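Line by line, the protein sequences are chains A and B. Be aware that the first sequence starts at 1, since it is given in my numbering, and climbs by one per residue. Be aware that the second sequence starts at 1, since it is given in my numbering, and climbs by one per residue. A virtual CB, placed ideally from N, CA and C, is assigned to each residue, including glycine. All of these numbers come straight from a predicted model, not from anything done at the bench. Worksheet for the structure shown next.
2 protein chains.
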Amino acid sequence: MPVGINIGEKFASFAEHWRPKVVAELNGQEVKIVKVQGEFPWHHHDDGDEFFLVWKGEFRVEFRDHIVSLRPGECVVVRRGVEHRTCADEEAQVLLFEPKGVVNTGNVRDQTFTAPNGSQA
Amino acid sequence: MPVGINIGEKFASFAEHWRPKVVAELNGQEVKIVKVQGEFPWHHHDDGDEFFLVWKGEFRVEFRDHIVSLRPGECVVVRRGVEHRTCADEEAQVLLFEPKGVVNTGNVRDQTFTAPNGSQA
C-alpha cells in the first residue's frame, strides 16, 4: 500500500556525509538523499545522467570549465560522461534522481568517498 | 553547458492547473512541475511508476482503498497499473518524476484534464 514519505524526517534519520540513502525506487531509477560537506572527488558516470536538487544549504556542482552554484529549490542535471565534482563549504542536503545502482564516485574508486549502494534512509 | 534551474521561478512562470511542465529530462525520465486544484479523474498508467513530491500546499493521492495526504516536502510513489486520482482543495504545487511521454490521465482521455505532452516550464 503506497505511503507518504517525509523527506525532512528521512534527512533527520542519519548524519554521515557522502553516503546516499534511497528513499524511493521507480522505473529503474532511485530517489536518494545525501548530506554533503567538503569536496567530492572528480569523476564521471558512463551510463547514467544525474539530477541534483538542493534541499538545504548551499551546494556546488563543479565542471572543468564552470561551476553551477545552487541554493535550496535549485537543481541541475549532469549528463553521463561529463566530469564533475560536488562541493559544499558547509553541510548541505541534496536530493538525487539517478539510475538504480549508480556508484556515487562513478569511474573512480575512493577509499573515503565511494559509498555502498542501496542503503535505505 | 549544465545550468542551474530554480524550481520556484519555474512554478511562477505559469498559472494553469493540471498542465505539467517539463523542467528536466534524464535517463528517459522527466522531472515535471504542475499546479493542481480540485479533483483529477480516476486513472492508471500501464507502463510507468510515478513519483509525486509536494512543493507547496496540501495534496492528496487517492486510491480506491485509502488516501495518502501530503504536505510540502512529502512524497509518494504510485506504481504502474494502480488506479488513483490526485486532489487538492486549494491550489497546490507538485513536482513529478516519471517516464518521458507519460499521458497525465493514463488510460483515460478527458477533454478537460488530458494535457499535451512535453510542455516546458
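In chain order, what residues of the same chain have a beta carbon less than 6 Å from the beta carbon of residue i, not counting five sequence neighbours either side?
i, result
"residue 19 of chain B", "115"
"residue 39 of chain A", "87"
"residue 79 of chain B", "49"
"residue 60 of chain A", "67, 69, 87"
"residue 98 of chain A", "48, 50"
Assign residue i to buried or exposed, taking buried as 16 or more other Cβ atoms, counted over all protein chains shown, within 10 Å of its Cβ.
i, result
"residue 15 of chain A", "exposed"
"residue 111 of chain B", "exposed"
"residue 49 of chain B", "buried"
"residue 66 of chain A", "exposed"
"residue 106 of chain A", "buried"
Using a Cβ-Cβ cutoff of less than 7 Å, which residues in the same chain neighbour residue i once the five nearest sequence positions on both sides are dropped?
i, result
"residue 100 of chain B", "25, 28, 29, 30"
"residue 56 of chain A", "72, 92, 93"
"residue 6 of chain B", "none"
For residue i, which three-state DSSP category applies?
i, result
"residue 119 of chain B", "coil"
"residue 85 of chain A", "strand"
"residue 59 of chain A", "strand"
"residue 93 of chain B", "strand"
"residue 99 of chain A", "strand"
"residue 77 of chain B", "strand"
"residue 68 of chain B", "strand"
Below 8 Å on the Cβ atoms is my contact criterion, and I expect residue i with residue j to pass it. Report the Cβ-Cβ distance as a whole number of Å.
i, j, result
"residue 58 of chain A", "residue 89 of chain A", "7 Å"
"residue 3 of chain A", "residue 94 of chain B", "Not quite, the Cβ-Cβ distance comes to about 17 Å (not below 8 Å), so this is no contact."
"residue 108 of chain A", "residue 43 of chain A", "4 Å"
"residue 169 of chain B", "residue 10 of chain B", "Lying before the first or after the last residue shown, residue 169 of chain B is absent from chain B, which here runs from 1 to 121."
Near residue i, what residues of its chain come up, given a Cβ to Cβ distance below 8 Å and the 5 sequence neighbours on each side ignored?
i, result
"residue 75 of chain B", "51, 52, 53, 54"
"residue 134 of chain A", "One cannot answer for residue 134 of chain A here, as it falls past the ends of chain A, which runs 1 to 121."
"residue 113 of chain A", "18, 40, 41, 104, 105"
- Item | Whole beta strand (DSSP E) elements within the region 4–56 of chain A, 3-residue minimum | 21–26, 29–39, 50–56
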